[in-house]
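Take a look at the structure set out below.
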Amino acid sequence: MVRNYKRKTDWTEKSAENLQHLREAVKAVKNGQTIRQAAHNYGINKSSLWRAVKNLSAGKSLVSLSEASQSRIIFSLEEEAVLVEYLLKASRIGFPLDTSTLKSLAYDLAIRNSKRVPDSWRTQ
């Protein structure tokens, strides 16, 4: 591998701008433009555009990764900051928590605050 590898595309970031370009390209395809022409005009990979057109015609929606992961958030930023502060405080006074203890602490905090917890948290 090259020492200073530079990515050829930045599509993996899936920013709002990229998602907007994808939506515009899908509209262009729906209006009669070919997939290759729309992909070239909007700077999108033709396979990605084809997949988006296919998903939209099947009734699925276009969402970015950040939008899709919002449903998995369990703790708010404030609750997460409190948990991190507790972890750092315990570490400073000589009682660092290992990962299994931290997981059980997060589970207990979620249960006490009546949060929805994934099933995978309950089995451990």
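Numbering follows full-length UniProt numbering, in which position 44 of the sequence shown is assigned residue number 44; successive positions increment by one, without gaps. Cβ atoms here follow ideal geometry from the backbone N, Cα and C, with glycine treated the same way. No experiment lies behind these values; they were computed from the predicted model shown.
Item to check | Whether Leu87 touches Leu77 by CB criterion (7 Å) | outcome: no
Item to check | Range of the contiguous alpha helix (DSSP H) that encloses Asn31 | outcome: Premise fails: Asn31 is in no alpha helix (DSSP H) and is neither H nor E.
Next on the checklist: According to DSSP, simplified to helix, strand and coil, what is Val117?
Outcome noted: coil
Checklist entry - In chain order, what residues of the same chain lie with their CB nearer than 7 Å to the CB of Ala38, ignoring the 5 residues before and after it? => result Ala25, Ala28, Val29 and Leu49
Next on the checklist: Helix, strand or coil, according to DSSP, for Ile111 in the structure here?
Outcome noted: helix
Next on the checklist: For Leu102 and Phe95, what's the separation of their Cα atoms in angstroms?
Outcome noted: 12 Å
Next on the checklist: In whole angstroms, give me the CA-to-CA distance for Thr34 and Lys8.
Outcome noted: 24 Å
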